[in-house]
Each structure stands twice: as structure tokens, then as C-alpha cells.
Amino acid sequence: HLINVGKVRGRKASIEEVFNNMKKSAIDPQGQTVFISHGDCEEDALTLKKMVEKEFHPKEIKINAIGPVIGAHSGPGTLALFFLGTHR
12 HLINVGKVRG RKASIEEVFN NMKKSAIDPQ GQTVFISHGD CEEDALTLKK MVEKEFHPKE
72 IKINAIGPVI GAHSGPGTLA LFFLGTHR
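If you're matching positions, the sequence shown starts at 12 in my numbering and goes up one per residue.
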């Protein structure tokens, strides 16, 4: 199920907020495979990937498109970052 975890204004600020959530709660990011999913915004996904690589140096980062079930609810421009963290 989908959960809103915060609100910010602007695309750049939203990407930074997703990144900052990882900074706050990632557990051993160097040993993880991190996933970035996007809804028709691959450039934003690549920007987020560069930020994560520079800060955390994870084992691997995989980028993929959001599927039709989630995409039908979230729409184009959706960006998600998946990692192991201290809380949900």
C-alpha cells in the first residue's frame, strides 16, 4: 500500500528529500543493492543515482520503471528509492 512520508515544494527539493531520508536511516549502505524506480522521469532517477553513489558507494544501484499497478495510482513523475533502513 502507498504511504505519503512528507511534503516539499519543487522537484529539486523532492529529490533531495528522498535522498535525505536515506541519509537519516540507511543501514550499511555500502553493502546494499539500492533500487530506484521511476514513472517516466528517468533523468530524475539518474540524478538521484549520482547523489546516492557519491554519498554512499553502495554495492549496486538498479534503476527500473514503476509498473502499471502503482503507476495508475501515482502517475508520471513518481520517483522512489528503496534501501534497508532503521524504520519503515
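No residue lacks a Cβ here, since even glycine has one placed at the ideal position from N, Cα and C.
Cβ neighbours of residue 26 within its own chain (closer than 8 Å, five residues either side excluded): 55, 58, 59, 62, 90.
The way I'd put it, the region 41 to 51 doesn't touch the region 15 to 25; fewer than three beta-carbon pairs between them come closer than 8 Å.
The criterion of a C-beta distance shorter than 8 Å is not satisfied by residue 64 and residue 34. Within the same chain, and ignoring the five residues on either side of residue 68 in sequence, the residues whose Cβ sits closer than 8 Å to its Cβ are 40, 41. Pairing residue 52 with residue 88, the inter-Cα distance amounts to about 5 Å. When beta bridges are read from the DSSP output, residue 71 appears opposite 44. Sorting 44, 73, 38 by C-alpha distance to the C-alpha of residue 98 places 38 at the top.
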